[in-house]
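Top line first, the protein sequences correspond to chains C and W. Just so we're aligned: 205 in the numbering used here is position 205 of the first sequence, and the numbers increase by one with no gaps anywhere. Add 425 to a position in the second sequence, counting from 1, and you land on the number used in the numbering used here.
Protein chains: 2
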Amino acid sequence: MKRPPVKGTRDFYPPDMARRNWIIDGWKKVSLRNGFEEYDGPIFEYLKMFQLKSGDEIAEQLFSLTDRGGRELALRPEITPTMARMINQQINALPKPIKWFSVPRLFRAERPQKGRLREFFQWNVDIIGVDDVLADAEIIFTTIDYLSSVGLTPRDIRVKISSRKLLACALTNIGIREKQLDPLYGLLDKYNKIPADTFEKMLPDQVPDSAAAKKIMDLMSATTLSEVPEIAGTNAEVDAAIQKLARLKDLLEQMGVWQFCDFYPSIVRGLAYYTGVVFEVYEFAQELRAIGGGGRYDNLLQDFGGPSVAATGMGMGDCVLGILLEEKGLLEKQLQKCQLDYFIACADKQYFQKVIEITAKLRRTGKAANFAYKPIGLSKQLKQASAQGAKECIIIGSEIESGRLVVKDMATGEQKTTELDNLLK
Amino acid sequence: MKRPPVKGTRDFYPPDMARRNWIIDGWKKVSLRNGFEEYDGPIFEYLKMFQLKSGDEIAEQLFSLTDRGGRELALRPEITPTMARMINQQINALPKPIKWFSVPRLFRAERPQKGRLREFFQWNVDIIGVDDVLADAEIIFTTIDYLSSVGLTPRDIRVKISSRKLLACALTNIGIREKQLDPLYGLLDKYNKIPADTFEKMLPDQVPDSAAAKKIMDLMSATTLSEVPEIAGTNAEVDAAIQKLARLKDLLEQMGVWQFCDFYPSIVRGLAYYTGVVFEVYEFAQELRAIGGGGRYDNLLQDFGGPSVAATGMGMGDCVLGILLEEKGLLEKQLQKCQLDYFIACADKQYFQKVIEITAKLRRTGKAANFAYKPIGLSKQLKQASAQGAKECIIIGSEIESGRLVVKDMATGEQKTTELDNLLK
Numbered sequence: 001m002k003r004p005p006v007k008g009t010r011d012f013y014p015p016d017m018a019r020r021n022w023i024i025d026g027w028k029k030v031s032l033r034n035g036f037e038e039y040d041g042p043i044f045e046y047l048k049m050f051q052l053k054s055g056d057e058i059a060e061q062l063f064s065l066t067d068r069g070g071r072e073l074a075l076r077p078e079i080t081p082t083m084a085r086m087i088n089q090q091i092n093a094l095p096k097p098i099k100w101f102s103v104p105r106l107f108r109a110e111r112p113q114k115g116r117l118r119e120f121f122q123w124n125v126d127i128i129g130v131d132d133v134l135a136d137a138e139i140i141f142t143t144i145d146y147l148s149s150v151g152l153t154p155r156d157i158r159v160k161i162s163s164r165k166l167l168a169c170a171l172t173n174i175g176i177r178e179k180q181l182d183p184l185y186g187l188l189d190k191y192n193k194i195p196a197d198t199f200e201k202m203l204p205d206q207v208p209d210s211a212a213a214k215k216i217m218d219l220m221s222a223t224t225l226s227e228v229p230e231i232a233g234t235n236a237e238v239d240a241a242i243q244k245l246a247r248l249k250d251l252l253e254q255m256g257v258w259q260f261c262d263f264y265p266s267i268v269r270g271l272a273y274y275t276g277v278v279f280e281v282y283e284f285a286q287e288l289r290a291i292g293g294g295g296r297y298d299n300l301l302q303d304f305g306g307p308s309v310a311a312t313g314m315g316m317g318d319c320v321l322g323i324l325l326e327e328k329g330l331l332e333k334q335l336q337k338c339q340l341d342y343f344i345a346c347a348d349k350q351y352f353q354k355v356i357e358i359t360a361k362l363r364r365t366g367k368a369a370n371f372a373y374k375p376i377g378l379s380k381q382l383k384q385a386s387a388q389g390a391k392e393c394i395i396i397g398s399e400i401e402s403g404r405l406v407v408k409d410m411a412t413g414e415q416k417t418t419e420l421d422n423l424l425k
Numbered sequence: 426m427k428r429p430p431v432k433g434t435r436d437f438y439p440p441d442m443a444r445r446n447w448i449i450d451g452w453k454k455v456s457l458r459n460g461f462e463e464y465d466g467p468i469f470e471y472l473k474m475f476q477l478k479s480g481d482e483i484a485e486q487l488f489s490l491t492d493r494g495g496r497e498l499a500l501r502p503e504i505t506p507t508m509a510r511m512i513n514q515q516i517n518a519l520p521k522p523i524k525w526f527s528v529p530r531l532f533r534a535e536r537p538q539k540g541r542l543r544e545f546f547q548w549n550v551d552i553i554g555v556d557d558v559l560a561d562a563e564i565i566f567t568t569i570d571y572l573s574s575v576g577l578t579p580r581d582i583r584v585k586i587s588s589r590k591l592l593a594c595a596l597t598n599i600g601i602r603e604k605q606l607d608p609l610y611g612l613l614d615k616y617n618k619i620p621a622d623t624f625e626k627m628l629p630d631q632v633p634d635s636a637a638a639k640k641i642m643d644l645m646s647a648t649t650l651s652e653v654p655e656i657a658g659t660n661a662e663v664d665a666a667i668q669k670l671a672r673l674k675d676l677l678e679q680m681g682v683w684q685f686c687d688f689y690p691s692i693v694r695g696l697a698y699y700t701g702v703v704f705e706v707y708e709f710a711q712e713l714r715a716i717g718g719g720g721r722y723d724n725l726l727q728d729f730g731g732p733s734v735a736a737t738g739m740g741m742g743d744c745v746l747g748i749l750l751e752e753k754g755l756l757e758k759q760l761q762k763c764q765l766d767y768f769i770a771c772a773d774k775q776y777f778q779k780v781i782e783i784t785a786k787l788r789r790t791g792k793a794a795n796f797a798y799k800p801i802g803l804s805k806q807l808k809q810a811s812a813q814g815a816k817e818c819i820i821i822g823s824e825i826e827s828g829r830l831v832v833k834d835m836a837t838g839e840q841k842t843t844e845l846d847n848l849l850k
């Protein structure tokens, strides 16, 4: 009887787990070398916490549950609210700036599609307490540092950068009222994700004035920063937002990664809480969903009952990234087969006890070692050794009576006899 | 405003995360060197799956949820049912024997107490397809290999071993009917966990015959194997079960770990699915709950709709283990502070751009590097370097004009001047 896992979730058999570990270990290594410290929170939190600031799309996709005490809980759909809660709780004790990363397992009750599952992993890096575009640059650098470390080049991926502040100024100039902005961002975020004519039909619901709607269409199709003041007019705030993006570009050039980046005024981000620089990472042909994205969210800690603290961050899921790495052939090439140091083979079953003893000793010195449970022929044991990826096969035969054994190099086939004591040193 | 996590769950701030990672990395390392491959399943499964074989205690403590499609789901309280489901699904494709390990995050809606939380991590190792006590020995060896690798000795912990088969024969000899056995195991498992007089009061509910109840009390207080036939009488089955335990002892001696072990007829295990050797690991004074335990469960795959396959395994949670390691002072001693390779300090703010460039380059060569965002004095930067655990501090001053910089060893305080190009090699 076959019982698959629940729709939208995954079973990780050892080869799938090796792939998941390779991606997550890469995220962790790059986070640490960029000076981030790891944190995590619980898998579930109070339902209310996720309804507060995550935006409608996420709030609609919550897996909710009620515990025996009648508490309304939800599986986390993102970790940023947990991070805000944790930082607010120890805001005075934590040394600033706070550079934190996490690789939470997240849950969204949406329809499973290519690159979107109901249960997935997401790399998060955040810098709290730095009100300077240098922190945004470091977040983008860290993102690119990972993607280039796994072999992706500027011809494979593009980091598309914009600014919520610039967009807010431009939309205000066009005549959008401040309280209209939040729902409008939700729609504009769809511009790159749905067919152009569908978008154009949805726009008048929120922007009935056709001249304003026309200008928004122009803004969304702009591919350079300089078009923004041309379309929406200029003032000191627009200038300041453009200056900030220009400094971001200088910093990314100094960091040696600008060749991965472009400015795209149409990048908005779906979540409600962004306030400044925003960015999304796409594969070059843009046939897949965004690989990751992030930006500045200076009000979030305050929204969660804490003080006003500057913050910027990035999230990247494992699903789209996995598809891209697979398509580019980068996964298979770099994924090392899990290797044993030694397979201990038994040339004659009278020495089986020795096999058990030596295997146990090797393991306790830190070596990965395995053996066959049943007395099978030597050639079958060598096959098992090879199937398990053993580097060397130790053959225990009559030499063991004088404390010696045969070591076979599984790559070259070369054999030599050595002292047991040497091996255990 | 302070918002703690939901009752029974934990926030992992960086120092807590470092501790969690140290424990889990140790489990993974020892699993791999003992020849186990890693797997994992989803966090939630169909509710029914966990009600099938997990025993009443677990079934009562499920966190259940209903998704939009009306599916009744539950957060996993253990991973063994998931493993059985996964193995059954690919039983013909998987090479035997199957040696798998996992470190699942698990959930039980019970009252939080010392060593018991609602959300925790549990190390699992399992061997599927080996109908030989050698596999049970290897599971016990792997358990001890980990515990001794973190510094625990036979004077800190004891592995208490028994056999469900031996217990079944003894109880049958005493007059217990076969269908009474399963509920009785649930009660007997409490013998070491509740006060003796409470246990004695509960026993007649299941065993009304006072002579039989008396013999069960004697069995439970037995501390050697030889007492079992003395109390319950003997036959070929009792002999065979005792012989198997004697062979287990021989194997654990050959593996060099018997000094951690004792036979205890009162070890039963709470879960319904055990069929043979069972064991539990306790700290010496037995003031804490069991650190871990396991045993043989030859019918489980069949219970989940698969073929009849021999199986044995072990589970160990992170909560009791963490308390024990803390009490013994083993955690603090071995937990290395997360270290930076370099902190890049700026001696004069005119060189700040160089600081950014060099930090980015070092990170991209794989070095962990950090810098101060704001132009603060050099002594403050050195303090930050030290607080972040940097091994060396690179000071960028006027020497950089000729491609040179100062490197300060943070442990010895020694300074030397070197070429930038050498550093980046």
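We put the CB at the ideal spot given by N, CA and C, even for glycine.
Check your understanding: Is there at least one Cβ from chain W nearer than 8 Å to residue 282(C)'s Cβ?
Key -> no
Review point. Using 8 Å as the limit for Cβ to Cβ distance, is residue 80(C) near chain W?
Key: no
**Study point:** Close-in-space but distant-in-sequence residues of the same chain around residue 542(W) (CB under 6 Å, 5 per side omitted)
**Key:** 433 and 744
Practice item. In the DSSP assignment, find the unbroken beta strand (DSSP E) run with residue 685(W) in it and report its ends. Key: From DSSP, residue 685(W) is part of no beta strand (DSSP E); its letter is neither H nor E.
**Study point:** With 16 other Cβ atoms within 10 Å as the buried cut-off, status of residue 757(W)
**Key:** exposed
Practice item. Mind the definition here: the region 592-606 of chain W touches the region 731-745 of chain W only if three or more C-beta pairs lie below 8 Å; say whether that holds. Key: no
Review point. Alpha helix (DSSP H) containing residue 82(C): first to last residue?
Key: 80-89
Review point. Is DSSP giving residue 110(C) helix, strand or coil here?
Key: coil
Check your understanding: Excluding sequence positions up to five away, which residues of its chain have a Cβ less than 8 Å from the Cβ of residue 639(W)?
Key -> none
**Study point:** First through last residue of the beta strand (DSSP E) which encompasses residue 461(W)
**Key:** Per DSSP, residue 461(W) belongs to no beta strand (DSSP E) and is neither H nor E.
Practice item. Compare the beta carbon distance of residue 504(W) and residue 731(W) with 8 Å and say whether it is the shorter of the two. Key: no
Review point. Cβ atoms of residue 95(C) and residue 130(C): under 8 Å apart, would you say?
Key: no
Check your understanding: If you draw a straight line from the C-alpha of residue 263(C) to the C-alpha of residue 462(W), how long is it?
Key -> 45 Å
Review point. Considering only residues of the region 170-209 of chain C, which uninterrupted alpha helix (DSSP H) runs meet the minimum length of 4 residues and lie entirely inside it, listed in chain order?
Key: 178-188 and 196-206
Practice item. Please compile the residues from chain C whose C-beta is within a distance smaller than 7 Å of the C-beta of residue 522(W). Key: 373
Practice item. Please state whether DSSP places residue 117(C) in a helix, a strand or coil. Key: coil
Review point. How about the region 415-425 of chain C and the region 524-535 of chain W: do they share at least three Cβ pairs that are nearer than 8 Å?
Key: no
Check your understanding: Are residue 777(W) and residue 795(W) touching if we call contact CB-CB under 8 Å?
Key -> no
Point to revise | Closer than 8 Å to chain C by CB, residue 786(W) | key: yes
Point to revise | Distance, residue 511(W) Cα to residue 493(W) Cα | key: 25 Å
Review point. Taking the C-alpha atoms as reference points, what is the distance between residue 301(C) and residue 442(W)?
Key: 22 Å
Review point. Which whole-angstrom value describes the C-beta separation of residue 586(W) and residue 706(W), a residue pair presumed to lie in contact below a C-beta threshold of 8 Å?
Key: Actually they are not in contact, since the Cβ atoms of residue 586(W) and residue 706(W) sit about 10 Å apart, beyond 8 Å.
Review point. From which residue to which residue does the beta strand (DSSP E) around residue 497(W) run?
Key: 497-500
Check your understanding: Could you check where the beta strand (DSSP E) with residue 409(C) kicks off and where it finishes?
Key -> 404-409
Check your understanding: Any idea which residues DSSP pairs residue 707(W) with across the strands?
Key -> 583(W)
**Study point:** residue 265(C) to residue 789(W) span [Cα, whole Å]
**Key:** 29 Å
Review point. From residue 824(W) to residue 830(W), what does the alpha carbon distance come to, in whole angstroms?
Key: 6 Å
**Study point:** First and last residue of the uninterrupted beta strand (DSSP E) at residue 45(C)
**Key:** 44-46
Exercise for review: Out of 617(W), 669(W) and 536(W), point me to the one whose CA is closest to residue 644(W)'s CA.
Suggested key: 617(W)
Review point. In this structure, does DSSP put residue 68(C) in helix, strand or coil?
Key: coil
Practice item. Specify, as a first and last residue, the run of the beta strand (DSSP E) that residue 131(C) falls within. Key: Looking at the DSSP string, residue 131(C) is not in any beta strand (DSSP E), and its letter there is neither H nor E.
Point to revise | Unbroken stretches of the beta strand (DSSP E), 3 residues or longer, contained in the region 740-795 of chain W | key: 765-771
Check your understanding: Is there a Cβ from chain W that is less than 8 Å from the Cβ of residue 449(C)?
Key -> In the structure as shown, chain C starts at 1 and stops at 425, and residue 449(C) therefore has no counterpart that could be examined.
Check your understanding: Just by C-beta distance, which residues in the region 542-566 of chain W are closer than 7 Å to chain C?
Key -> 544, 555, 557, 559, 560 and 566
Review point. Buried or exposed: residue 142(C), going by 16 or more other Cβ atoms within 10 Å of its Cβ?
Key: buried
Practice item. Scan the region 808-830 of chain W for residues whose Cβ lies nearer than 8 Å to a Cβ of chain C and list them as they occur along the chain. Key: 812 and 813
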